[in-house]
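Residues in the sequence shown are numbered from 1 upward in steps of one, following full-length UniProt numbering. Just so it is clear, CB atoms sit at the ideal spot from N, CA and C, and this is done for glycine as well. Since this is a predicted model, take the numbers as computed values, not measurements. As structure tokens, the structure follows; a few thoughts come after it.
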Amino acid sequence: MGSLTGKTAVIVGASGEENIGVAIARKLASEGANVVVSARRREPLEALANEIGGLAVACDVTDEAQIEALFFSAINTYGSVDIAVFSAGVYSSVLIAELTAEDARPTLEVSFIGALLFFKHAAAVMSEGGSVMVVSSLTARLPGPTLSVYSGARAGIDYAIKVAAQEYQGQKIRFNSIAAGLIETDMTGPLFEVEPIIAAHVAETPAGRMGTLNDMAEAALFFADGARSGFINGQILDLAGGQQTGHLPRF
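In structure tokens:
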């Protein structure tokens with residue numbers, strides 16, 4: 001019997017072969033949770049849901065009605081929602097001197113506005129309290145060229161969790177963030193094939209290694225389980241091996 005048996009988790013951003021949302025879904029399911037996986041693409045969601053015995057619900061987080069429907073589906077299937085994980089994101093890399101509003105909007109719509117609306121609808125169905133978390137980024141702490149939009153959106157939602165913790169204290173809902181360093185995923189995989197990039201990151205990381213998907217999944221399990229983290233709220237967990245104490249590599 002796992003530590004999350006009887007709990008229901010909703011995870012947005014859980015499509016692909018190897019990504020953070022997928023790893024978290026597998027970890028929470030292995031601890032006994034009912035897991036609802038969501039993203040825009042239904043086919044990989046169905047495969048993951050079949051693997052972990054969960055529910056797949058397609059959702060575009062730029063559409064508030066779809067976010068609301070996602071949580072209604074979870075309630076209708078499992079009766080409650082106890083854990084909600086926002087792992088969706090859009091990467092934007094552009095110099096400020098070349099930036100247009102069109103460059104900025106997709107990232108802000110997903111990583112900031114979408115996350116806030118996810119908080120809203122998660123909390124609306126957590127009548128018995130719960131844990132809401134967002135996957136953020138080391139770059140919200142450490143600046144780097146071309147990252148103004150991407151990092152700004154992450155930094156904004158990292159602050160918003162503190163506001164949410166205040167606003168929802170009466171419902172006993174905890175809001176926390178996992179600020180990840182560079183983790184190998186479907187999206188970042190090509191970077192891991194360039195040895196100088198990885199060596200430069202390891203050189204800036206006191207732990208002496210790169211983070212893994214399992215590191216992320218264990219951190220999410222920690223926040224999901226009230227017995228482990230019930231007194232932690234409005235917190236940003238730096239999952240970067242200590243790299244957050246220094247700076248991003250210079251290329």
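(request) Just tell me which of A56, T8 and S3 has its CA closest to the CA of G130. (result) If you number the sequence shown from 1, residue 130 lands on position 130. The residue with the shortest Cα to Cα distance from G130 is T8.
(request) Verify whether the separation of the beta carbon atoms of G32 and L4 is less than 8 Å. (result) Taking the sequence shown and counting its residues from 1, one reaches residue 32 at position 32. Taking the sequence shown and counting its residues from 1, one reaches residue 4 at position 4. Taking 8 Å as the Cβ cut-off, G32 and L4 qualify as a contacting pair.
(message) Out of A101, I173 and T245, which one is the CA nearest neighbour of G230?
(response) Along the sequence shown, read from residue 1 onward, the residue named residue 230 stands at position 230. The residue with the shortest Cα to Cα distance from G230 is I173.
(request) Measure the alpha-carbon distance for A88 versus G21 and round it to whole angstroms. (result) As a position in the sequence shown, residue 88 is number 88, starting the count at 1. As a position in the sequence shown, residue 21 is number 21, starting the count at 1. Cα-Cα distance, rounded: 8 Å.
(request) Would you kindly work out how many angstroms separate the C-alpha atoms of S177 and A97, rounded to a whole number? (result) Reading the sequence shown from its first residue, position 177 is the one you call residue 177. Reading the sequence shown from its first residue, position 97 is the one you call residue 97. Going by the C-alpha atoms only, they are around 30 Å apart.
(message) Please state the DSSP three-state secondary structure of N176.
(response) The residue labelled residue 176 in the question sits at position 176 within the sequence shown. The answer is strand: DSSP assigns N176 an E or B state.
(message) So, for A165: in the same chain, excluding its five sequence neighbours on each side, which residues have a beta-carbon less than 6 Å away from its beta-carbon?
(response) As a position in the sequence shown, residue 165 is number 165, starting the count at 1. Counting only Cβ-Cβ distances below 6 Å, and skipping sequence neighbours, we find F175, N233 and G234.
(message) Can you find the residues in the same chain that come closer than 7 Å, C-beta to C-beta, to M216, ignoring five residues on each side of it along the sequence?
(response) To locate residue 216, count along the sequence shown from 1; it is residue 216. The answer, listed in chain order, is I20, A23, I24, I178, A180, I183 and L239.
(message) Quick check: does the Cβ of V202 come within less than 7 Å of any heavy atom belonging to the ligand FAD?
(response) Ligands in the displayed structure: none, and consequently the ligand FAD is not present.
(request) Output the distance between the C-alpha atoms of A203 and T188, rounded to the nearest integer angstrom. (result) For the purposes of this step, residue 203 is taken as the residue at position 203 of the sequence shown. For the purposes of this step, residue 188 is taken as the residue at position 188 of the sequence shown. Spanning the two alpha carbons is a distance of roughly 19 Å.
(request) Starting from the Cα of I18, find the closest Cα among T185, L95 and E68 and give me that residue. (result) In the sequence shown, counting from the first residue as 1, residue 18 sits at position 18. It should be pointed out that residue 18 corresponds to Glu in this sequence rather than to Ile. Of T185, L95 and E68, the residue nearest in Cα terms is T185.
(request) Per DSSP, which residues does N34 bridge with? Please list them. (result) Start at 1 with the first residue of the sequence shown, and residue 34 comes out as number 34. In DSSP, N34 forms a bridge with T8.
(request) May I ask you to list the residues that DSSP assigns as paired with M133? (result) Translated into the one-based positions of the sequence shown, residue 133 becomes position 133. Looking at the DSSP assignment, M133 forms a beta bridge with V85 and N176.
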